[in-house]
Ligand SMILES: [Zn+2]
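In the working numbering, the protein residues as written are 45 to 311.
See the structure below:
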């Protein structure tokens with residue numbers, strides 16, 4: 045099989061084992077069956093903005109041209125730091141977009157991917173966000189009416205929980221059975237200002253996520269297609285937005301949003 049086209053971050057579906065599809069051009073490649081096969085990735089030297097399609101030399105904010113990066117609401121600094129979202133005050137790069145996105149219910153969650161981290165996501169992004177981060181377990185901590193309040197809560201909890209995924213740890217084998225997310229949730233809820241406690245979610249289910257990984261790497265080395273224009277190796281698994289190859293070589297597909305790629309799989 046040989047396909048060519050601009051790639052986008054993998055679409056993930058929560059099944060017994062997560063199912064990944066890679067958008068390339070107009071096609072969707074089911075990635076799980078490629079595990080165990082030799083896969084070659086070649087970068088054809090072109091990046092197209094994932095919003096406007098224009099060629100861009102550099103990818104900004106994982107897939108955008110500079111003009112989109114500096115004007116689109118989905119590239120606003122409040123995407124990375126939700127507490128900066130001011131759309132509840134009517135301030136946004138695009139209020140229509142904000143109504144559909146920021147001014148919608150959000151979850152503050154705790155996820156385990158080698159360590160317990162706190163995060164924020166829009167309601168409709170559960171469980172996609174957890175899968176993208178490679179979490180093996182997650183629990184909803186709070187449901188807030190908008191992005192800003194979720195961000196304020198996350199900031200308050202950053203003192204006690206990490207807010208970043210340690211991706212090297214995430215890609216290694218782990219069971220995390222020593223961590224009880226329900227206990228962590230109670231701890232987190234107790235740390236919140238009384239004004240924020242009203243949002244704590246009554247749903248206490250711990251979600252479990254399994255990834256299609258045949259062999260976990262002992263040691264992890266990441267590579268990118270800017271430097272390494274062509275790569276080939278046996279695909280050993282997929283976790284988060286990473287493809288894991290033999291020898292612990294890993295690539296973050298999300299970082300290559302909009303890259304023109306040729307993908308070849310040896311049958
Ligand atoms: Zn653009």
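Built from N, CA and C at the ideal position, the CB exists for glycine as well.
message: Rounding to the nearest angstrom, what Cα-Cα distance links residue 33 and residue 267 in this structure?
response: No statement about residue 33 is possible, as the shown extent of the chain runs from 45 to 311 and does not include it.
- prompt: Residues bridged to residue 48 by DSSP?
  reply: Paired residues: 306.
message: Taking contact to mean 3 or more Cβ pairs, one atom from each stretch, closer than 8 Å, check whether the stretch 290-310 and the stretch 236-246 are in contact.
response: Contact between the stretch 290-310 and the stretch 236-246 is absent, because fewer than three Cβ pairs lie under 8 Å.
message: Ignoring anything shorter than 3 residues, give me the beta strand (DSSP E) runs that lie fully in the stretch 49-130, in order along the chain.
response: With a minimum length of 3 residues, the continuous beta strand (DSSP E) runs that stay inside the stretch 49-130 are 55-57, 63-68, 71-74, 82-91.
- prompt: Which residues, in chain order, sit with a beta-carbon under 6 Å away from any heavy atom of ligand 1?
  reply: Output, sorted by chain position: 93, 95, 96, 98, 108, 109, 111, 112.
- prompt: For residue 233, which residues from the same chain have a beta carbon less than 6 Å from its beta carbon, with the 5 sequence-adjacent residues on both sides left out?
  reply: If we look at residue 233 and ignore the five residues flanking it on each side, its Cβ neighbours are 244.
- prompt: Which same chain residues, not among the five before or five after residue 52, have their C-beta less than 6 Å away from its C-beta?
  reply: Leaving aside the five residues that flank residue 52 on each side, the residues in its chain whose CB is nearer than 6 Å to its CB run, in chain order, 67, 301.
message: Tell me the residue span of the beta strand (DSSP E) that contains residue 187.
response: First-last of the beta strand (DSSP E) with residue 187: 181-188.
Alpha carbon of residue 275 to alpha carbon of residue 306, nearest angstrom: Residue 275 and residue 306: Cα-Cα distance of roughly 11 Å.
field: residue 278 in three-state terms, based on DSSP
entry: Note: residue 278 maps to strand in three-state DSSP.
field: DSSP beta-bridge partners of residue 155
entry: Listed as beta-bridge partners of residue 155 by DSSP are 161, 182.
field: Straight-line Cα distance separating residue 74 from residue 84
entry: Residue 84 and residue 74 have their C-alpha atoms roughly 15 Å apart.
query: Taking the Cβ atom as the reference point for each residue, do residue 286 and residue 215 lie within a distance shorter than 9 Å?
result: Result yes, Cβ atoms of residue 286 and residue 215 sit closer than 9 Å.
field: Buried versus exposed call for residue 246 [16 or more other C-beta atoms within 10 Å across all chains shown]
entry: Around the beta carbon of residue 246, fewer than 16 other beta carbons sit within 10 angstroms, so the residue counts as exposed.
message: Below 8 Å on the Cβ atoms is my contact criterion, and I expect residue 79 with residue 256 to pass it. Report the Cβ-Cβ distance as a whole number of Å.
response: So it is a contact: roughly 6 Å between Cβ atoms.
- prompt: So, helix, strand or coil for residue 201, using DSSP?
  reply: Helix at residue 201.
field: Euclidean distance between Cα positions of residue 113 and residue 134
entry: Residue 113 and residue 134: Cα-Cα distance of roughly 21 Å.
task: Could you tell me which residues DSSP pairs with residue 226 in its beta bridges?
output: Residue 226 pairs with nothing; no bridge assigned.
task: Would you kindly check if the distance between the Cβ of residue 277 and the Cβ of residue 178 is under 9 Å?
output: Pairing residue 178 with residue 277 gives a Cβ-Cβ distance that is not under 9 Å.
- request: Pull up the distance between the alpha-carbon of residue 108 and that of residue 99, whole angstroms please.
  value: Near 10 Å, if we compare the C-alpha coordinates of residue 99 and residue 108.
- prompt: For residue 154, which option in 111, 272, 91, 249 has the closest C-alpha, if you only look at C-alpha atoms?
  reply: Ranking the options by Cα distance to residue 154, first place goes to 249.
message: Comparing C-alpha positions only, which one of 185, 60, 219 sits nearest to residue 226?
response: Here the closest residue by C-alpha is 185.
- request: Return yes when the Cβ of residue 192 is within less than 9 Å of the Cβ of residue 126, no when it is not.
  value: The answer is yes: Cβ separation under 9 Å.
- request: Output the distance between the C-alpha atoms of residue 200 and residue 89, rounded to the nearest integer angstrom.
  value: Going by the C-alpha atoms only, they are around 43 Å apart.
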